[in-house]
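Student:
There are 2 protein chains.
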Amino acid sequence: MKGKISGVSLGPGEPELITLKALKALQEADIIYCPGTQTKSRSRDILQALPINMERVRLFHVPMSKDRTLANQTYDSICTEIAALVATGKNIAITAEGDSGFYSSVNYMFDKLASMNLPITTIAGVPAFIAAGAISGLHIVKQEEKLVVLPGIITAEELDSLLTSGYVVVIMKLSQCTSEIHRFMQTNRQHEFHYYENVGTINELHSTNYKDIIQKEYPYFSLMIIRPGKQLA
Amino acid sequence: MKGKISGVSLGPGEPELITLKALKALQEADIIYCPGTQTKSRSRDILQALPINMERVRLFHVPMSKDRTLANQTYDSICTEIAALVATGKNIAITAEGDSGFYSSVNYMFDKLASMNLPITTIAGVPAFIAAGAISGLHIVKQEEKLVVLPGIITAEELDSLLTSGYVVVIMKLSQCTSEIHRFMQTNRQHEFHYYENVGTINELHSTNYKDIIQKEYPYFSLMIIRPGKQLA
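Chains X and H supply the protein sequences, listed in that same order.
So in this note's numbering, the last spot in the first sequence is 250, and the numbers never skip.
So in this note's numbering, the last spot in the second sequence is 250, and the numbers never skip.
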C-alpha cells in the first residue's frame, strides 16, 4: 500500500482563484504540508478560507536566506517524513502559492521526492502576475508582443534595452530593485507602468499613477508590469 | 437596472483547471458568450464538462485572419448585442481559453465594452504554458532565472541569443515557426527541450525526446519550453 503526493498550486492569494482540481486534491489529502511560521502563512490564510479540514494541515518553517543550505536541510527532513507517511498509504499534499512550477521554492522538495522514486504529480495554478493583470483589466500581452519576466534583478539600462526592443516586462520581487526602478522611471516616462501590491488580499493595491509609483517603497509582495510606450521625440 | 459583464478565463483545456471564481461567474451569468463554430469550440468543450446550464451558452464565430478587420466587425456587433442585454439587467459572461489577459483575442471585446462605459471585470485563469510545466513536473523558472515568452515568431539566431544569455524560453503557436525550431535544434543539442501538444485534452502529449521533437510537424495547439543548457566545449 502506497499513498500519493500532490504538489498543489494555491493561486495568487484570493482563495477563489484556486482551481477545482487543486481544491479536490487538498480535500482528498490525509495530510497537507504548508510553508509558514506559527504566526504567518499566506498559504494557510488561503486554506482557511476554503472548505478544507484544517486539522490535516502541518505548517513547516523554511529559513529565509540567500544561502540555501539551511532551507534545503529543512526540505530534506520533511521529505524523509513524507516518504515514511506515503509508505503507510497516506495521501500527501504540499502547497505552493501562485503556481508551483513558477519561481516556487517548494519545487526543491518535489525534485527530492521524485529522486526518491515517490509518486508525485503537480497541479497548475494562477501566477501572481496573471492575477495582477486581471484585477486591472489589463491585456498583459497581445497578438505578436513578446514578454519578459524578471525576478527582481535588473538595472535601469537593461530595462531600457528590453522596452526599446518592444518587450512587455513583468518585474517580480520589486523590493529587490527599488532604486533601479526609480532611476529608470525618472527618464522614461513614455512607458505604461502598472504597479501592484498584495494581489488577492484585502490590502490589494493597483496604481498607474506615475508620481505614486516613483516615490513608493515597494513591499515584499509587489510587482510591476511595464508595457512599452512610444519613444519620445 | 443594469447587469454586469465578466471576462471569464477557462484555463488551458482541462475542465477542472478552471478557478472556483470563474465557475461561480459562469453559473451566475444569464448568458455566456463563447467563441467557436457550430462544429468546433474548445471553450464549449470545457463548459460542457462543468456544472453549467448549457442553454445559456451563445456561440459566436470569429473569422481567423492576420487582417483583423472582419474579426473586429464580429466583435463590435456582439458588443452592441451585449450592451442591449446589460441595459435590461442581464448578467453576461464572455469566455476565454487560458487566461483572458494573456494573448487572448476576446480582450478586444473587453476594451470595446469598457470604452462603452459598461461595467466589466475580468477573472484570471491558468495559462497553457503554466499547465504544460505542471503536467511534466517541470520547474519552469526558479530562483534568479529570467523568462521570455514568444508568440511563435522567432529565428534560430534570436533563440540562440536568448538561451546563451540564460533566458528560459517559452514558444507558443509553435506551428508558425516549425522550420526555425528544427534549424535551431540541429546545432544546439545542449539545451533542454520540452515539447507539449493539446495540453489539457485527451490528446495531450509531452516529449523531451530530441529525435521526436526535431522531426515533428507541430499542430496548432502546441508549445515548447526550452531551458538553457551548458554551452558545448
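Where a beta carbon is used, it is the ideal one built from N, C-alpha and C, also for glycine.
At the level of alpha carbons, what is the spacing between Asp-84 of chain H and Gly-169 of chain H?
Tutor: Sequence index remark: in the second sequence, residue 84 of chain H carries index 67 (1-based). Sequence index remark: in the second sequence, residue 169 of chain H carries index 152 (1-based). Between Asp-84 of chain H and Gly-169 of chain H, the C-alpha separation is close to 17 Å.
Student: Whose C-alpha, out of X:Glu-31, X:Phe-210 and X:Asn-108, is nearest the C-alpha of Arg-73 of chain X?
Tutor: Taking the first residue of the first sequence as 1, we reach residue 73 of chain X at position 56. Selected option, being the one with the closest Cα: X:Asn-108.
Student: Please tell me whether Ile-35 of chain H and Leu-37 of chain X are closer than 9 Å, where the distance is taken between their beta carbons.
Tutor: Residue 35 of chain H sits at position 18 when you count from the first residue of the second sequence. Residue 37 of chain X sits at position 20 when you count from the first residue of the first sequence. Their beta carbons are under 9 Å apart, which means Ile-35 of chain H touches Leu-37 of chain X by this criterion.
Student: Looking only at its own chain, which residues have a Cβ that is under 7 Å from the Cβ of Leu-153 of chain X, when we skip the five neighbours before and after it?
Tutor: Your numbering for residue 153 of chain X matches position 136 in the first sequence. Here the sequence assigns Ser to residue 153 of chain X, which means Leu is not the residue at that position. Hits under 7 Å: His-211 and His-223.
Student: Please classify Ile-242 of chain X: does DSSP put it in a helix, a strand, or coil?
Tutor: Along the first sequence, read from residue 1 onward, the residue named residue 242 of chain X stands at position 225. Strand, per DSSP.
Student: Comparing alpha-carbon positions, which option in X:Gly-217, X:Asp-62, X:Tyr-227 and X:Glu-234 lies nearest Val-143 of chain X?
Tutor: As a first step, residue 143 of chain X is located in the first sequence; it is residue number 126 there, counting from the start. Nearest option by C-alpha distance: X:Gly-217.
Student: Compare the C-alpha of Ile-99 of chain X against each of X:Glu-221, X:Pro-29, X:Lys-228 and X:Asp-47 and name the closest.
Tutor: For the purposes of this step, residue 99 of chain X is identified with residue 82 of the first sequence, where counting begins at 1. When each option's Cα is compared against that of Ile-99 of chain X, the closest is X:Asp-47.
Student: Mind checking whether Thr-112 of chain H and Val-25 of chain H have CB atoms under 9 Å apart?
Tutor: Counting from one through the second sequence, the residue named residue 112 of chain H turns up at place 95. Counting from one through the second sequence, the residue named residue 25 of chain H turns up at place 8. Their beta carbons are under 9 Å apart, which means Thr-112 of chain H touches Val-25 of chain H by this criterion.
Student: Can you tell me whether Ala-250 of chain X is buried or exposed? The criterion is at least 16 other CB atoms within 10 Å of its CB, across all chains shown.
Tutor: Here residue 250 of chain X is taken as the residue at index 233 of the first sequence, counted from 1. With a pLDDT of 45 at Ala-250 of chain X, under the threshold of 50, the modelled position of this residue cannot be trusted; read the value that follows with caution. Per the 10 Å Cβ criterion, exposed.
Student: Glu-161 of chain H: which of X:Val-185, X:Thr-181 and X:Cys-194 sits nearest, CA to CA?
Tutor: Indexing the second sequence from 1 puts residue 161 of chain H at position 144. Glu-161 of chain H has its Cα closest to that of X:Cys-194, out of X:Val-185, X:Thr-181 and X:Cys-194.
Student: Using C-beta distances below 6 Å, list every residue in its chain close to Leu-261 of chain X, excluding the 5 sequence neighbours before and after it, in chain order.
Tutor: Here chain X has residues from 18 to 250 only, and residue 261 of chain X is not among them.
Student: Taking any Cβ of chain H, which residues in the stretch 218-232 of chain X have a Cβ under 7 Å from it, in chain order?
Tutor: Under the 7 Å Cβ criterion, the stretch 218-232 of chain X contributes no residue.
Student: In chain order, what residues of the same chain lie with their CB nearer than 7 Å to the CB of His-199 of chain H, ignoring the 5 residues before and after it?
Tutor: On the second sequence, position 182 is the one that residue 199 of chain H refers to. Around His-199 of chain H: Ile-231.
Student: What whole-angstrom Cβ distance do Ala-149 of chain H and Leu-240 of chain H have, given they're in contact under 8 Å?
Tutor: Taking the first residue of the second sequence as 1, we reach residue 149 of chain H at position 132. Taking the first residue of the second sequence as 1, we reach residue 240 of chain H at position 223. At roughly 6 Å, the Cβ-Cβ gap stays under 8 Å, so Ala-149 of chain H and Leu-240 of chain H are in contact.
Student: If you draw a straight line from the C-alpha of Glu-166 of chain X to the C-alpha of Thr-105 of chain H, how long is it?
Tutor: The residue labelled residue 166 of chain X in the question sits at position 149 within the first sequence. The residue labelled residue 105 of chain H in the question sits at position 88 within the second sequence. The sequence given here has Val at residue 166 of chain X, not Glu. Roughly 42 Å between the two C-alpha positions.
Student: Which residue marks the beginning of the alpha helix (DSSP H) containing Cys-96 of chain H, and which one marks its end?
Tutor: Here the question's residue 96 of chain H lines up with position 79 in the second sequence. Segment 86-104, the alpha helix (DSSP H) holding Cys-96 of chain H.
Student: Less than 6 Å between C-beta atoms, sequence neighbours within five positions excluded: which residues of the same chain meet that for Thr-259 of chain H?
Tutor: A question about residue 259 of chain H goes unanswered here, because the residues of chain H that appear run from 18 up to 250.
Student: Could you tell me whether the Cβ of His-211 of chain X comes closer than 9 Å to any Cβ of chain H?
Tutor: Here residue 211 of chain X refers to the residue found at position 194 of the first sequence. So, not an interface residue.
Student: Alpha carbon to alpha carbon, what distance is there between Glu-197 of chain X and Ile-171 of chain X?
Tutor: As a position in the first sequence, residue 171 of chain X is number 154, starting the count at 1. As a position in the first sequence, residue 197 of chain X is number 180, starting the count at 1. Cα-Cα distance, rounded: 7 Å.
Student: Output the distance between the C-alpha atoms of Tyr-227 of chain X and Arg-206 of chain X, rounded to the nearest integer angstrom.
Tutor: Along the first sequence, one-based indexing puts residue 227 of chain X at 210. Along the first sequence, one-based indexing puts residue 206 of chain X at 189. Taking the straight line from one Cα to the other gives about 8 Å.
Student: From which residue to which residue does the alpha helix (DSSP H) around Ile-198 of chain H run?
Tutor: Counting from one through the second sequence, the residue named residue 198 of chain H turns up at place 181. Where Ile-198 of chain H is concerned, the enclosing alpha helix (DSSP H) stretches over 195-204.
Student: Taking the straight line between their C-alpha atoms, what separation do you get for Leu-130 of chain X and Tyr-50 of chain H?
Tutor: Your numbering for residue 130 of chain X matches position 113 in the first sequence. Your numbering for residue 50 of chain H matches position 33 in the second sequence. Cα to Cα, Leu-130 of chain X sits roughly 43 Å from Tyr-50 of chain H.
Student: Please classify Pro-29 of chain X as buried or exposed, where buried requires at least 16 other C-beta atoms within 10 Å of its C-beta.
Tutor: Working through the first sequence from its first residue, we reach residue 29 of chain X at position 12. With 16 or more Cβ atoms within 10 Å of its Cβ, Pro-29 of chain X is classed as buried.
Student: Determine the closest residue to Ile-242 of chain X out of X:Ser-23, X:Glu-174, X:Glu-214 and X:Lys-41, with distance taken between C-alpha atoms.
Tutor: Indexing the first sequence from 1 puts residue 242 of chain X at position 225. Comparing Cα positions, the closest option is X:Glu-214.
Student: Reducing DSSP to helix, strand and coil, say where Leu-176 of chain X ends up.
Tutor: Taking the first sequence and counting its residues from 1, the one referred to as residue 176 of chain X is at position 159. In the structure shown, Leu-176 of chain X sits in a helix (DSSP, three-state: H, G or I).
Student: Contact criterion: CB-CB distance below 9 Å. Does Val-79 of chain H meet it with respect to chain X?
Tutor: On the second sequence, position 62 is the one that residue 79 of chain H refers to. No, no contact with chain X.
Student: Would you verify that the beta carbon of Gln-160 of chain H is, or is not, closer than 9 Å to some beta carbon of chain X?
Tutor: Your numbering for residue 160 of chain H matches position 143 in the second sequence. Closer than 9 Å to some Cβ of chain X, the Cβ of Gln-160 of chain H qualifies, so yes.
Student: Find the residues of chain X that neighbour Leu-40 of chain H, judging by a C-beta separation of less than 8 Å, and give them in chain order.
Tutor: Counting from one through the second sequence, the residue named residue 40 of chain H turns up at place 23. The answer, in chain order, is Leu-37.
Student: Determine the DSSP secondary structure at Thr-181 of chain H, reduced to helix, strand or coil.
Tutor: Start at 1 with the first residue of the second sequence, and residue 181 of chain H comes out as number 164. DSSP places Thr-181 of chain H in helix when its eight states are reduced to three.
Student: Find the residues of chain X that neighbour Lys-129 of chain H, judging by a C-beta separation of less than 9 Å, and give them in chain order.
Tutor: Here residue 129 of chain H refers to the residue found at position 112 when the second sequence is read from its first residue. Simply none; closest approach about 12 Å.
Student: From which residue to which residue does the alpha helix (DSSP H) around Tyr-227 of chain X run?
Tutor: For the purposes of this step, residue 227 of chain X is taken as residue 210 along the first sequence, with counting starting at 1. Segment 227-232, the alpha helix (DSSP H) holding Tyr-227 of chain X.
Student: Between which residues of its own chain and Met-189 of chain H is the CB-CB distance below 8 Å, once the five residues before and five after are set aside?
Tutor: Sequence index remark: in the second sequence, residue 189 of chain H carries index 172 (1-based). Counting only Cβ-Cβ distances below 8 Å, and skipping sequence neighbours, we find Tyr-120, Ala-145, Phe-146, Val-166, Leu-167, Pro-168, Gly-169 and Leu-240.
Student: Should Asn-205 of chain H be flagged as near chain X, meaning a C-beta pair shorter than 9 Å?
Tutor: Residue 205 of chain H sits at position 188 when you count from the first residue of the second sequence. False, the Cβ-Cβ gap to chain X never drops below 9 Å.
Student: Could you check the C-alpha separation between Ala-66 of chain X and Thr-139 of chain H for me, to the nearest Å?
Tutor: Your numbering for residue 66 of chain X matches position 49 in the first sequence. Your numbering for residue 139 of chain H matches position 122 in the second sequence. Rounded to the nearest angstrom, the two C-alpha atoms are 21 Å apart.
Student: In whole angstroms, what separates the C-alpha of Glu-174 of chain X from that of His-208 of chain H?
Tutor: Mapped onto the first sequence, residue 174 of chain X falls at position 157. Mapped onto the second sequence, residue 208 of chain H falls at position 191. Distance between the alpha carbons of Glu-174 of chain X and His-208 of chain H: 28 Å.
Student: Helix, strand or coil for Gly-53 of chain X, going by three-state DSSP, please let me know.
Tutor: The residue labelled residue 53 of chain X in the question sits at position 36 within the first sequence. Note: Gly-53 of chain X maps to coil in three-state DSSP.
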